Amino acid sequence: NAGVTQTPKFQVLKTGQSMTLQCAQDMNHEYMSWYRQDPGMGLRLIHYSVGAGITDQGEVPNGYNVSRSTTEDFPLRLLSAAPSQTSVYFCASSYNRLNTEAFFGQGTRLTVV
Amino acid sequence: SQQGEEDPQALSIQEGENATMNCSYKTSINNLQWYRQNSGRGLVHLILIRSNEREKHSGRLRVTLDTSKKSSSLLITASRAADTASYFCATPKSSGDKLTFGTGTRLAVRP
């Protein structure tokens with residue numbers, strides 16, 4: 672059972688480039704979310720999804736897009752990378768919204784130069 | 850804004866001692882969750898306590914919840930070097946679907 676898989680693990684982008692961070696889960700979880708983690712800031716919610724076809728914004732959505740065409744996948748797109756988006760990104764999933772534990776991927780460390 | 854805030858920000862103890870960290874939150878909750886993060890890794894769920902529970906145990910972990918004070922504590926008994934990690938509380942807002950985290954407590958357990 673793979674759990675939550677994020678790819679890539681590391682990425683360096685130039686300012687203005689776009690890219691997609693992949694997230695997949697094999698637990699048939701309804702709820703998926705993306706966080707970014709910066710030193711001293713804890714985890715901040717970017718976007719989340721309560722099921723296929725449904726997405727919504729979190730605390731810091733600007734500069735990011737998401738879609739949820741299947742239950743398994745929840746990609747995060749950076750439209751035009753900026754140095755302020757240098758961070759560690761985590762994808763998480765849980766069975767039914769937020770009344771059960773969340774499972775996290777191992778993270779993607781993104782550097783924008 | 851962040852819902853939960855952990856205290857202290859950092860804690861250093863000797864192996865075998867107990868570690869206590871606290872979490873305060875702002876709005877009403879359905880449950881409160883504690884997670885551990887080892888350096889450079891993803892978060893791992895430790896324990897979930899529901900709003901109608903006051904105390905919960907899991908192995909060497911003991912969590913309490915005081916909804917009147919909007920606070921929770923995590924106690925790790927007989928700490929080990931392997932407990933060295935950051936610990937976060939997380940609260941789903943009862944009005945929505947967002948799970949928000951505090952800034953965490955960094956625990957260092959000295960051998």
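One line per chain: the protein sequences are A and B, in this order.
When we follow this note's numbering, the leftmost residue of the first sequence carries the number 672, and every step to the right adds one.
When we follow this note's numbering, the leftmost residue of the second sequence carries the number 850, and every step to the right adds one.
Just so it is clear, CB atoms sit at the ideal spot from N, CA and C, and this is done for glycine as well.
What you are looking at is a predicted structure, and each value in this text was computed from that prediction instead of being measured.
By the rule that beta-carbons nearer than 8 Å mark a contact, A:Met712 touches chain B. At a C-beta separation below 7 Å, B:Gly951 has these neighbours in chain A: Gly713. One Cα belongs to B:Tyr936, the other to A:Asn770, and the distance between them is close to 19 Å. The region 900-919 of chain B makes no contact with the region 693-701 of chain A: fewer than 3 CB pairs, one atom from each, lie closer than 8 Å. One thing to note: B:Val893 has its Cβ no nearer than 8 Å to the Cβ of B:Asp932. When secondary structure is reduced to three states using DSSP, B:Asp932 falls in the helix class. Taken in chain order, the complete beta strand (DSSP E) segments of 3 or more residues contained in the region 696-720 of chain A are 702-709. When secondary structure is reduced to three states using DSSP, A:Ser755 falls in the helix class. Taking a C-beta cut-off of 8 Å against chain B, the contacting residues of the region 728-739 of chain A are Gly729 and Glu730, listed in chain order. Exclusion of the five residues before and after A:Gly724 leaves Arg739 as the residues of its chain whose Cβ lies within less than 7 Å of its Cβ. Under the three-state reduction of DSSP output, A:Val784 falls in the coil class, being neither helix nor strand. The continuous stretches of beta strand (DSSP E) do not include A:Leu750, and DSSP gives it neither H nor E. Ranked by Cα distance from B:Glu855, the options B:Gly865, B:Lys918 and B:Cys872 are led by B:Cys872. Any Cβ of chain B closer than 8 Å to the Cβ of A:Tyr766 would place that residue at the interface, and such an atom is absent. Three or more Cβ pairs closer than 8 Å define a contact, and the region 711-731 of chain A falls short of that threshold against the region 867-883 of chain B. Rounded to whole angstroms, the separation of the alpha carbons of A:Thr741 and B:Ser861 is 44 Å. Among the residues facing chain A, B:Gly891 is included, as its CB has a counterpart in that chain under 8 Å away. Ranked by Cα distance from A:Glu701, the first of A:Val784, A:Phe775, A:Glu743 and A:Thr782 is A:Glu743. Rounded to whole angstroms, the Cβ separation of B:Ile898 and B:Ser921 is 7 Å, and the two are in contact under 8 Å.
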